[in-house]
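Below is one structure, written out as structure tokens; comments come after it.
Number of protein chains: 2
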Amino acid sequence: MSAAPRPRFVEVGPRDGLQNEKRTLPPAAKIAFIDALSQAGLEEIEAGAFVSPQAVPQMADSSEVFEGIKRKEGIRYSALVPNEKGLERALQAKVDKIAVFTAASESFNQRNINASVAQSIERFRPVVLKARQSGLPVRAYVSTAFHCPYEGRIGPEKVMAVVGDLLEMGVDELSIGDTIGRASPVDVRRLLDALLPVLPLERVFLHFHDTYGMAVANALTAWQEYKVPGFDSSAGGLGGCPYAPGASGNVATEDLAFAFSACGAETGLDLDNIRAAAACLETHLGRPMASHLGRVGPIRS
Amino acid sequence: MSAAPRPRFVEVGPRDGLQNEKRTLPPAAKIAFIDALSQAGLEEIEAGAFVSPQAVPQMADSSEVFEGIKRKEGIRYSALVPNEKGLERALQAKVDKIAVFTAASESFNQRNINASVAQSIERFRPVVLKARQSGLPVRAYVSTAFHCPYEGRIGPEKVMAVVGDLLEMGVDELSIGDTIGRASPVDVRRLLDALLPVLPLERVFLHFHDTYGMAVANALTAWQEYKVPGFDSSAGGLGGCPYAPGASGNVATEDLAFAFSACGAETGLDLDNIRAAAACLETHLGRPMASHLGRVGPIRS
Numbered sequence: 001m002s003a004a005p006r007p008r009f010v011e012v013g014p015r016d017g018l019q020n021e022k023r024t025l026p027p028a029a030k031i032a033f034i035d036a037l038s039q040a041g042l043e044e045i046e047a048g049a050f051v052s053p054q055a056v057p058q059m060a061d062s063s064e065v066f067e068g069i070k071r072k073e074g075i076r077y078s079a080l081v082p083n084e085k086g087l088e089r090a091l092q093a094k095v096d097k098i099a100v101f102t103a104a105s106e107s108f109n110q111r112n113i114n115a116s117v118a119q120s121i122e123r124f125r126p127v128v129l130k131a132r133q134s135g136l137p138v139r140a141y142v143s144t145a146f147h148c149p150y151e152g153r154i155g156p157e158k159v160m161a162v163v164g165d166l167l168e169m170g171v172d173e174l175s176i177g178d179t180i181g182r183a184s185p186v187d188v189r190r191l192l193d194a195l196l197p198v199l200p201l202e203r204v205f206l207h208f209h210d211t212y213g214m215a216v217a218n219a220l221t222a223w224q225e226y227k228v229p230g231f232d233s234s235a236g237g238l239g240g241c242p243y244a245p246g247a248s249g250n251v252a253t254e255d256l257a258f259a260f261s262a263c264g265a266e267t268g269l270d271l272d273n274i275r276a277a278a279a280c281l282e283t284h285l286g287r288p289m290a291s292h293l294g295r296v297g298p299i300r301s
Numbered sequence: 001m002s003a004a005p006r007p008r009f010v011e012v013g014p015r016d017g018l019q020n021e022k023r024t025l026p027p028a029a030k031i032a033f034i035d036a037l038s039q040a041g042l043e044e045i046e047a048g049a050f051v052s053p054q055a056v057p058q059m060a061d062s063s064e065v066f067e068g069i070k071r072k073e074g075i076r077y078s079a080l081v082p083n084e085k086g087l088e089r090a091l092q093a094k095v096d097k098i099a100v101f102t103a104a105s106e107s108f109n110q111r112n113i114n115a116s117v118a119q120s121i122e123r124f125r126p127v128v129l130k131a132r133q134s135g136l137p138v139r140a141y142v143s144t145a146f147h148c149p150y151e152g153r154i155g156p157e158k159v160m161a162v163v164g165d166l167l168e169m170g171v172d173e174l175s176i177g178d179t180i181g182r183a184s185p186v187d188v189r190r191l192l193d194a195l196l197p198v199l200p201l202e203r204v205f206l207h208f209h210d211t212y213g214m215a216v217a218n219a220l221t222a223w224q225e226y227k228v229p230g231f232d233s234s235a236g237g238l239g240g241c242p243y244a245p246g247a248s249g250n251v252a253t254e255d256l257a258f259a260f261s262a263c264g265a266e267t268g269l270d271l272d273n274i275r276a277a278a279a280c281l282e283t284h285l286g287r288p289m290a291s292h293l294g295r296v297g298p299i300r301s
């Protein structure tokens, strides 16, 4: 276990987390949230999305948010971008990195972004090209990489097909998502056995949801057994699950980092500050945070 | 992984779970809860405790509960017993098995049952002897086996000392408890590396709390890597944590069994029925159940 690498966290709370929240937050609350996260030791924060305000009202203010945040040196502030128009706005907002979004499941992609997997990839081909010409690194989300809410279990071969197209297009890193939280460590091993022979470890991020309580076990499996260093997480467990109202969503950054820490890793994160940053959103969202650490309160060493 | 044994669950919700709940349940609600659990495929249910009603008011009705339940063939109904007086009551109630309770941490034992570890063991020596003479199997709880709320980290050598005394006394099985939920898979490996050379696998049960969200990862580590088959859990995640009000307590039976199932195990449990059995207590307890599955709702295959 001593050879497990230092874990790297991509904080997705301000985008992936908030976008599933029903109550729209004022931009000032988002800016304060991101600024607090910047002080907590995170190296990358997905701070917004340049998508249609009709489709995702919660992200309509991303330009204002990017303008308002205090950027800290050494932190990458990224944004989700679905098309060339979004990329224009992202470039104006001076994002440090962009992310595009597709899925391993045809049915999910169709219902989520109204395109087949192949169409979605063709749609963002010019986005990726232009982003790279502008010197921006590109992440691609591959959601429903283990289970799909419509199709059930998704085999590694479907993930590998999408991953192949994305790598060929020049995407820098992949975020492999267990969108509905049904993956187990056995599923994680099966997928990593297929994925890692074609993808260098540092270009893989795993994006777990804690819907069924298996996110921490999955992340530790990938890190301890396969030496995968990169994980997405969401401060306060922000996010919920649109397919199971009331259920947990993205794994909480503080829960995941606590577990890595308890396994001996140096995370560089201030967990009490992350927990507190998320807790400040409770009034806006009208509910307590979903993280385990949020319920425990300040951590005693 | 194919060699991992069939997991065995000891349901501790009606005793360990309820005993930490502030609102006292009527015996009829406990009886209905246990009867529902009996129908859900569990093989052992800790149904009560014959302790001082002043010390643990929630357990004052254990004789009535044992009298009221519909015992199902093949299920062991056990009870916690602190002393000879408790054993008399347990024998009258025709329990199938008893459990005694101590801790690996001196400070915890002192504050929890007002005895040193050595005193607690001497105190139940005649209980264990008499129970065995009566043909009852005996379980011993060793709590704070990883961390103590007062002393911090507990080394495996402290656990091994208590375990040695218990085995020498003739205890049949041990339930090794992470009372405050701070153990990680690394801690689990460290303890099992010390424990398993002296204790046959089938006599070890691990008792995890999900306070920090690591219970499922810990259980899967013990099961997959060490082939430990036995785990304690609590339907609905009943229990809470007296050291962190509002935090999760015992790992939920349905969450743990779901994770084992997702890893390919045949658990024999009906998770929807376990979830539903716990949900029936929500009105009495005045709060929703804490399990992940409880929040997701009925499981779609």
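For the protein sequence lines, the chains are A and B, in the order given. Under the working numbering, the first residue of the first sequence is numbered 1, with each subsequent residue one higher. Under the working numbering, the first residue of the second sequence is numbered 1, with each subsequent residue one higher. Glycine is no exception: its CB is placed at the ideal position from the N, C-alpha and C atoms. Since we're looking at a predicted model, the values are computed, not measured.
- By DSSP's assignment, residue 250/A forms a beta bridge with 209/A.
- With distances taken between CA atoms, residue 181/B lies nearest to 213/B out of 169/B, 172/B, 213/B.
- Around residue 255/B, the beta-carbon contacts reaching into chain A at under 9 Å are 212, 213, 214.
- From the beta-carbon of residue 242/A, no residue of chain B is found nearer than 8 Å; the closest lies around 12 Å away.
- Distances from the alpha-carbon of residue 87/B to those of 202/B, 173/B, 131/B put 131/B closest.
- Put simply, the CB of residue 184/A is near chain B, with a gap under 7 Å to one of its CB atoms.
- Interface residue (Cβ-Cβ distance to chain B less than 7 Å): residue 148/A is not classified as such.
- Among the residues of chain B, none has a CB under 7 Å from the CB of residue 66/A; the nearest is roughly 32 Å distant.
- For residue 45/A, the beta-bridge partners assigned by DSSP are 11/A, 77/A.
- Fewer than three pairs of CB atoms, one per stretch, sit closer than 8 Å, so the segment 233-242 of chain B makes no contact with the segment 269-284 of chain A.
- Under the criterion of beta carbons closer than 8 Å, residue 151/A and residue 105/A qualify as touching, at roughly 5 Å.
- For residue 186/A, the enclosing alpha helix (DSSP H) starts and ends at 185-195.
- The count of Cβ pairs closer than 8 Å, one atom from the segment 202-219 of chain A and one from the segment 288-300 of chain B, reaches three, so the stretches are in contact.
- Residue environment analysis places residue 70/A among the exposed positions, since fewer than 16 neighbouring C-beta atoms fall within 10 angstroms of its C-beta.
- Residue-level contact check: residue 258/B touches chain A, since one or more beta carbons of chain A fall below 7 Å from its beta carbon.
- In the DSSP assignment, residue 103/A falls within the beta strand (DSSP E) that extends over 97-103.
- By the 16-neighbour rule on beta-carbons within 10 angstroms, residue 28/B is exposed.
- Per the DSSP secondary-structure output, residue 139/A pairs in a beta bridge with 99/A, 173/A.
- The CB of residue 220/B comes closer than 7 Å to the CB of 185, 217 in chain A, given here in chain order.
- If you check the CB distance, residue 242/B and residue 20/B come in under 7 Å.
- The C-beta separation of residue 108/B from residue 81/B comes to about 20 Å, leaving the pair out of contact by the 8 Å criterion.
- Per the Cβ contact rule, the segment 136-148 of chain A is in contact with the segment 178-195 of chain A (3 or more Cβ pairs under 8 Å).
- For residue 255/B, the three-state secondary structure derived from DSSP is helix.
- Contact check for residue 121/B against residue 165/B passes: the beta carbons are separated by less than 7 Å.
- CA-CA distance, residue 112/A to residue 53/A, rounds to 15 Å.
- The Cβ of residue 228/A sits no closer than 7 Å to any Cβ of chain B.
- Taken atom to atom, the span from the alpha-carbon of residue 232/B to that of residue 274/B is near 14 Å.
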